[in-house]
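A.B. asks: The structure that follows is given in the form of structure tokens.
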Amino acid sequence: MNVRELLQSKKESVITIDSEDTIGAAAHKMSANRIAALVVMKEGAPVGIISEKDIVRSLADDGPQAGRRVISSVPSTGLEGIAPEATLKQAMSLMTYSRRRHLMVTDGATLVGILSLGDIVKNLLGELELEKAVLQDIYMAAH
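Following numbering that gives the first Met the number 0, the residues of the sequence shown are numbered contiguously, the last one being 142.
In structure tokens:
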């Protein structure tokens, strides 16, 4: 399975925020949508991801006033992006190497979706359940 196929199975829209919105606005948007990360957009193009981890780090560094800082002022670790044609193994490797739990899925400069570690784990659990069922069927047919 590749990243595009997993995204198609999610059927969830990507929730974004503008790079000039505040960290507080990002926290409220995440809470309201019960998600852990937002894709940050600038002039209609994806420029990165802000996660709960980034917000906590900002609060630790700046205290309560961190909520008034604009997202573009949060130090970025680079674009956490992957192509839709990438394999889930490649996505897992990138997440592990970059120590990120979320990746933007982009096709050129176009945002396609967002992939979380939870999405990958859920998919792997589904594959294991299918494999278990097939093995049980084979065992039952043999006995």
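Ideal placement from N, C-alpha and C gives every residue a C-beta, glycine not left out.
These numbers were taken from a predicted model, which means no experiment stands behind them.
Select from 65, 55, 114 the residue whose C-alpha is nearest the C-alpha of residue 4.
C.D. replies: Of 65, 55, 114, the residue nearest in Cα terms is 114.
A.B. asks: Does the Cβ-Cβ distance between residue 57 and residue 37 come in under 9 Å?
C.D. replies: Not a contact, by the Cβ cut-off of 9 Å.
A.B. asks: Suppose the cutoff is 8 Å on Cβ atoms and the five residues either side in sequence are ignored; what does the same chain contact list for residue 16 look like?
C.D. replies: If we look at residue 16 and ignore the five residues flanking it on each side, its Cβ neighbours are 24, 25, 28, 37, 38, 39, 40, 49, 70.
A.B. asks: Would you give the residue range spanned by the beta strand (DSSP E) that residue 139 belongs to?
C.D. replies: Counting along the chain, residue 139 falls outside any beta strand (DSSP E), though it belongs to the alpha helix (DSSP H) covering 116-141.
A.B. asks: Short of 8 Å in beta carbon distance, which residues of its chain neighbour residue 104, apart from the five on each side in sequence? Order them along the chain.
C.D. replies: Counting only Cβ-Cβ distances below 8 Å, and skipping sequence neighbours, we find 2, 3, 6, 80, 81, 82, 83, 110, 111, 112, 113, 114.
A.B. asks: Let me make sure I understand the geometry here. Which of 20, 47, 13, 21 has the alpha-carbon closest to that of residue 33?
C.D. replies: Of the candidates 20, 47, 13, 21, the one whose C-alpha sits nearest the C-alpha of residue 33 is 13.
A.B. asks: Can you look up residue 45 in the DSSP assignment and give me helix, strand or coil?
C.D. replies: Residue state, collapsed to three classes: strand.
A.B. asks: Report the rounded CA-to-CA distance for residue 138 versus residue 88, giving the unit in angstroms.
C.D. replies: Computed Cα separation, rounded: 30 Å.
A.B. asks: In three-state DSSP terms, what is residue 103?
C.D. replies: Reduced to three states, the DSSP call for residue 103 is strand.
A.B. asks: Smallest Cα separation from residue 108: which of 22, 45, 19?
C.D. replies: Measuring from the Cα of residue 108, the nearest candidate turns out to be 45.
A.B. asks: State the beta-bridge partners of residue 70 as determined by DSSP.
C.D. replies: In the DSSP output, where bridge partners are listed per residue, residue 70 has none listed.
A.B. asks: Tell me, please, which residues DSSP counts as bridged to residue 81.
C.D. replies: Paired residues: 104.
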